[in-house]
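Please read the structure below before turning to the comments.
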Amino acid sequence: MKKFTVPTREEVTPANQVIFDSLTKALGFVPNLYATIAYSENGLSRYLAYQNAKTTLSNKEKEAVNLIVSQVNKCVYCQSAHTVIGKMNGFGDDEILDIRRGKATDSKLNALVQLAEGITKSRGNANA
30 MKKFTVPTRE EVTPANQVIF DSLTKALGFV PNLYATIAYS ENGLSRYLAY
80 QNAKTTLSNK EKEAVNLIVS QVNKCVYCQS AHTVIGKMNG FGDDEILDIR
130 RGKATDSKLN ALVQLAEGIT KSRGNANA
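Residue numbers for the sequence shown follow our numbering, so the first one is 30 and each next one is one higher.
And the structure:
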């Protein structure tokens with residue numbers, strides 16, 4: 030696999046530099062995934078608009094989905110990132126570990142976690 034470099038703030042467009050500044054302010058850093066998307070002049074802003082689109086799920090519920098999907102996909106980088114973001118959204122360490130195991134103490138959240146886990150394991154088939 031060919032290695033690539035993750036761009037720094039100085040290596041992206043002025044519009045993406047503004048986004049880097051916002052991410053740094055909010056998260057304390059720019060995740061490598063976001064920085065890499067910033068190779069595209071408009072890709073990062075469009076990805077973030079998609080990610081932040083209005084939904085009926087709370088941020089906590091979205092992070093529960095991200096945690097279980099990261100676990101099923103065995104993406105250590107994603108697990109680490111979503112653990113940090115999960116804590117920022119109010120999850121404790123034990124709750125995060127439970128979600129990664131496919132369980133949540135709250136019944137609504139547990140149903141969401143189990144649905145997301147099933148869809149991820151079956152590669153999109155909610156009925157599997």
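Idealized CB from N, CA, C, for every residue including glycine. These numbers come from a predicted model, not from an experiment.
Would you say residue i and residue j are within 7 Å of each other, going by their C-beta atoms?
| i | j | result |
| --- | --- | --- |
| Thr65 | Val98 | no |
| Ala67 | Val47 | no |
| Val101 | Lys132 | no |
| Val94 | Ala145 | yes |
| Leu77 | Asn45 | no |
| Lys89 | Gly119 | yes |
So the alpha helix (DSSP H) residue i belongs to, where does it begin and stop?
| i | result |
| --- | --- |
| Pro43 | 43 to 56 |
| Cys107 | 105 to 117 |
| Arg129 | 122 to 129 |
| Ala64 | 61 to 66 |
| Arg75 | 72 to 80 |
| Ala155 | Looking at the DSSP string, Ala155 is not in any alpha helix (DSSP H), and its letter there is neither H nor E. |
| Glu40 | Careful: Glu40 lies outside any alpha helix (DSSP H) and carries neither H nor E. |
To the nearest whole angstrom, what separates the beta carbons of residue i and residue j, a pair I think is in contact under 8 Å?
| i | j | result |
| --- | --- | --- |
| Gly220 | Leu141 | Any question about residue 220 goes unanswered here, given that the chain covers just 30 to 157. |
Drop a sphere of 10 angstroms on the beta-carbon of residue i, count the other beta-carbons inside from all chains shown, and report buried for 16 or more, exposed for fewer.
| i | result |
| --- | --- |
| Asp135 | exposed |
| Glu92 | buried |
| Ala110 | buried |
| Thr112 | buried |
| Arg129 | buried |
| Tyr17 | Residue 17 is absent from the model: the chain starts at 30 and stops at 157. |
| Phe58 | exposed |
Cα separation between residue i and residue j?
| i | j | result |
| --- | --- | --- |
| Asn139 | Asp127 | 10 Å |
| Thr37 | Cys107 | 20 Å |
| Met117 | Val105 | 18 Å |
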